[in-house]
Structures are given as C-alpha cells and as structure tokens.
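Visitor:
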Amino acid sequence: MNTARLAAGTALLALMLAACSGPQPQAAPTVSVAPASAQSARSAPNAAADGNENERGQVVQEIGEIAVLVTDGYDAPPTMTFKVTSIEPVKCDAPDAPKPNGIAIAVALEIVTSPTFSGPLVVNGQPGMISFRPHYWKGYASNGTQMNTVESSIEHGCLADRTKLLPDYFGKDRKLDGVVILDVTTPAGEVAFVPNGIGGWAWEYPGDDSETSIGPA
Numbered sequence: 494m495n496t497a498r499l500a501a502g503t504a505l506l507a508l509m510l511a512a513c514s515g516p517q518p519q520a521a522p523t524v525s526v527a528p529a530s531a532q533s534a535r536s537a538p539n540a541a542a543d544g545n546e547n548e549r550g551q552v553v554q555e556i557g558e559i560a561v562l563v564t565d566g567y568d569a570p571p572t573m574t575f576k577v578t579s580i581e582p583v584k585c586d587a588p589d590a591p592k593p594n595g596i597a598i599a600v601a602l603e604i605v606t607s608p609t610f611s612g613p614l615v616v617n618g619q620p621g622m623i624s625f626r627p628h629y630w631k632g633y634a635s636n637g638t639q640m641n642t643v644e645s646s647i648e649h650g651c652l653a654d655r656t657k658l659l660p661d662y663f664g665k666d667r668k669l670d671g672v673v674i675l676d677v678t679t680p681a682g683e684v685a686f687v688p689n690g691i692g693g694w695a696w697e698y699p700g701d702d703s704e705t706s707i708g709p710a
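Residue numbers in the sequence shown follow our numbering, run continuously in steps of one, and reach 710 at the last position.
1. How close, in whole Å, do the beta carbons of A453 and D586 come, if the pair is a contact with beta carbons under 8 Å?
2. Does the stretch 606-617 come close enough to the stretch 676-683 that 3 or more CB-CB pairs lie under 8 Å?
3. Can you give the Cα-Cα distance for I596 and Q639, rounded to whole angstroms?
4. Comparing C-alpha positions only, which one of A569, E546, P591, A560 sits nearest to C651?
5. Quick check on this structure: which residue in F625, Y698, S607, R655 has the alpha carbon closest to the alpha carbon of P588?
6. Suppose you measure from the CA of G632 to the CA of W696; what does that come to, to the nearest Å?
7. Measure the Cβ-Cβ separation of Y662 and V616 and say whether it is below 7 Å.
8. Hey, out of G671, I598, P571, whose CA is closest to K584's CA?
9. Taking 8 Å as the limit between beta carbons, can you name the residues of its chain near N495, skipping five residues before and five after?
10. DSSP has D676 in a bridge; who is on the other side?
11. Taking the beta carbon of T606 as the centre, do at least 16 other beta carbons fall within 10 Å, making it buried, or is it exposed?
12. What are the start and end residues of each continuous alpha helix (DSSP H) run of 4 or more residues lying completely inside the stretch 587-668, in chain order?
13. Beta strand (DSSP E) containing I691: first to last residue?
14. Below 8 Å on the Cβ atoms is my guess for I691 versus G557; work out the distance and round it to an integer in Å.
15. Could you give the residue range of the beta strand (DSSP E) that holds P571?
16. Pull up the distance between the alpha-carbon of E546 and that of Q554, whole angstroms please.
17. Quick check on T578: does DSSP put it in helix, strand or coil?
18. Going by CA-CA distance only, name the one from H649, N594, P699, F625 that's closest to G693.
19. Counting along the chain, where does the beta strand (DSSP E) carrying A444 start and finish?
20. Do you know how far the Cα of E548 is from the Cα of H649?
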C-alpha cells in the first residue's frame, strides 16, 4: 500500500469535511448568581418606603417613574437608577422574524449604573453584572395569573435594527437607552423585572391592539 498516497487522501478528506461543516456557533456565555457571601444586588426601590408593593412583594411603578437599586448597603446611595419609558405592542420587522407565541411587546428603558455598581450575576467569570433579558422578567395576566414565561426567540429575532436592543449583560459605569422584547400571552396585564429572583418592580402594560414599529422608518 502506498502510505504517502493514503496520508494525502486522509488530509484531503479532512479538509473537505472542515469546509462542509461551516463556521461553528459561538458558545453561550456562562452565567451564575453571585454566592450569598459575596456582595450582591439588593432591591431598594424608591417607592418601598410608601408601601407601594403588590401582593407579590414587587414595587408598583408608573411609566416614567425612576426606580433604584442599591448594592453598597441599604443606607448607601443608589448604584443603579432606571425607568421604563414605554411598554407597547411591537410589530417584528426583521427578515424571517420568528412569530411570537403570544403578543410581542417592547419595554423601553433608560438605565444608569455608577462606578461602584455590583450586580448579582457572574458572566464568563466576571462578577458584578446584571441583565434585563426576558429571562429576568415575569408576566401576569390582568386577573393575576402568572405566565409560564415571557421569553422566546423573538428576544433577538424580532427587530431588524438590533442596535435598539439593550446589551444582554452589563456592569458598572454604564448609561444605556434601549428596549427588551417580551412575549406575553395576554393583551393587557403586568410585567415585572426581577433581577435576583425575589422582589423586583412591576408595571402595567396596556390593552392597546395597535402595533408600534420601532425599526427603521
């Protein structure tokens, strides 16, 4: 047997298989919650002192009302401020956009983190991060029934202009203005942002049947 010819044939086959396989998808980031002994985010919304909490322990917020998160101790100044500026049904305009399981809504937010902010997540080994992705939101029908999830493939696949989306994860010293796309089951109800599993903030969303396009005109 001609070993040189066999080796060349094996190398050619390997190259053909590599060419057919195409580029490999990027690995998903490794995300974990900071250990209890570590400094972690704690809710300290500005409305808590007024007792403006619902039965789920979430602070009820109005559209445009500022909420705060304190990560340096409850007596320290806020290290993150944010507000929801609108919640509207959205028409997905991306080519081949997946269909929502229910109704797509866009939650628009303005967020500022301080240089000392330390969020509850560890992302790819980097502590002090936070996320506003749909995984950290809960949805409730107008009768109070919790939705199983508000997360679906429309999170990243809905908008043609993905620069309008908030970053998946971020940390200290950031100023952001963007949207998160949620997939809700009812045209009216509540959505709540719960970044570290308990408490959080809740907003009503309208039963407006119109759809807003937030892609390019």
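Where a beta carbon is used, it is the ideal one built from N, C-alpha and C, also for glycine.
Guide: According to the data block:
1. This structure cannot speak to residue 453, because the chain is shown only from 494 to 710.
2. no
3. 15 Å
4. P591
5. R655
6. 10 Å
7. yes
8. I598
9. The predicted model places N495 with a pLDDT of 44, which falls under 50 and marks its position as unreliable, so this point remains unresolved.
10. A597
11. buried
12. 647-650
13. Run containing I691: none; DSSP gives neither H nor E here.
14. Contact flag wrong, Cβ pair sits at about 25 Å.
15. Premise fails: P571 is in no beta strand (DSSP E) and is neither H nor E.
16. 9 Å
17. strand
18. F625
19. Given that the chain is displayed from residue 494 to residue 710, the structure contains no residue 444 and the question cannot be resolved.
20. 32 Å
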